[in-house]
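To keep things clear, I will list the structure first and then write my remarks on it.
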Amino acid sequence: MTKADIVARISDKTGMEKADVQAVVEGFMREVKTGLESGDNVYLRGFGSFIIKKRAKKTGRNISKNTTLVIPAHYIPAFKPAKVFAESVKDKVPVND
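So this is what it looks like as structure tokens:
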């Protein structure tokens, strides 16, 4: 599903104009990004949390040059679904073996 699909679905369900829905969706994403960039986690009850995870310093390898390099410690954004959300996906999405 793409952002355009989400905008279209919300527009169909609410009767709002697609341009208005798109502005709201993009505003939401901008606020989540701004919050994470400022070091704040974003908690959405019943949905999940956008959190900042710390990655430790580690040694990597450049195979083509056969050299090692140090990757410094850094933070990355991550999403942790709420328990009720994770259970819902677990129950509703079939496993294809």
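So the mapping is simple: the numbering used here equals the position in the sequence shown, first residue as 1, plus 12. Idealized CB from N, CA, C, for every residue including glycine.
For Val36, tell me which candidate among Lys25, Asp52, Val19, Gly51 has the shortest Cα-Cα distance. As a position in the sequence shown, residue 36 is number 24, starting the count at 1. Looking from the CA of Val36, the closest CA among Lys25, Asp52, Val19, Gly51 belongs to Val19.
With contact counted as at least three CB pairs below 8 Å, one residue from each stretch, are the region 67-76 and the region 89-100 in contact? Too few Cβ pairs lie closer than 8 Å, so no.
According to DSSP, Leu56 sits in a beta bridge with which residue or residues? Stepping through the sequence shown from its first residue, residue 56 is reached at position 44. Bridge partners of Leu56: Gly60.
If we ignore side chains and look at the alpha-carbon of each, how far apart do Glu29 and Val107 end up? As a working mapping, residue 29 is identified with position 17 in the sequence shown. As a working mapping, residue 107 is identified with position 95 in the sequence shown. Taking the straight line joining both Cα atoms gives about 37 Å.
Using DSSP with H/G/I as helix, E/B as strand and the rest coil, what is Gly47? Position 35 of the sequence shown, counted from the first residue, corresponds to residue 47. It is helical.
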